[in-house]
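Visitor: Residue numbers (our numbering): 9 to 180.
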């Protein structure tokens, strides 16, 4: 580290993001109810920048299609238009999971192969999408590549495969 200090940033909880979202909504001049703020916060991947971006989208939706108030229902409808699900996964996240599960039989598969399969840059997948998918338990990174976890199969409406015994056993 250049300055001799090593810090680590953690993801924000949905409840912490509610505070940020409500403050931002006040600055934007849009009324927001707590359930609406929580809906946005829970789909923001633990990141204030994403939360504020989603808030602006939901605000625009509320101004055009609702009564200019962000409620739980308004937030859900606006985020559904963006295809962001309850876990904060968007279309690219789902494409990555589908590629690993369907094209590569659940993995392990290399980052380059995933990038080609979904048409996204390796660095973007590695830095933007993969950390959240690993954090939430959809993917795991092994020395042989990325593999789908049971949660990824369930997210895609599939039954996770039974363990085939091909995993290396722990030493102790």
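Note that CB positions come from ideal geometry on N, CA and C, so glycine has one too. Quick caveat, the model's predicted, so the values are computed rather than measured.
In this structure, how does DSSP classify residue 55 when only helix, strand and coil are distinguished?
Guide: Residue 55 falls in the coil class under three-state DSSP.
Visitor: Checking the sheet assignment: what are the DSSP bridge partners for residue 150?
Guide: 153.
Visitor: Where does residue 28 land, buried or exposed, given buried means 16+ other C-beta within 10 angstroms?
Guide: Under this definition residue 28 is a buried residue.
Visitor: Work out the CA separation of residue 135 and residue 141 for me, nearest whole Å.
Guide: Each residue's Cα considered, the two are about 11 Å apart.
Visitor: Give me, in chain order, the residues of the same chain whose beta-carbon lies closer than 6 Å to that of residue 152; leave out the 5 immediate sequence neighbours on both sides.
Guide: These residues qualify, in order along the chain: 116.
Visitor: Measuring alpha carbon to alpha carbon, tell me which of 57, 50, 55, 89 ends up nearest residue 68.
Guide: Of the candidates 57, 50, 55, 89, the one whose C-alpha sits nearest the C-alpha of residue 68 is 89.
Visitor: Please confirm if the region 103 to 123 is in contact with the region 72 to 91, defined as three or more CB-CB distances below 8 Å between the two stretches.
Guide: Verdict: no, contact absent.
Visitor: When the Cβ atoms of the region 25 to 40 are set against those of the region 55 to 75, are three or more pairs found closer than 8 Å?
Guide: Judged by Cβ distances under 8 Å, the region 25 to 40 makes contact with the region 55 to 75, as three or more pairs qualify.
Visitor: Distance check for residue 158 and residue 169, CA to CA, integer angstroms please.
Guide: Residue 169 and residue 158: Cα-Cα distance of roughly 8 Å.
Visitor: What are the start and end residues of the alpha helix (DSSP H) that includes residue 28?
Guide: Segment 22 to 36, the alpha helix (DSSP H) holding residue 28.
Visitor: Please classify residue 13: does DSSP put it in a helix, a strand, or coil?
Guide: Residue 13 falls in the coil class under three-state DSSP.
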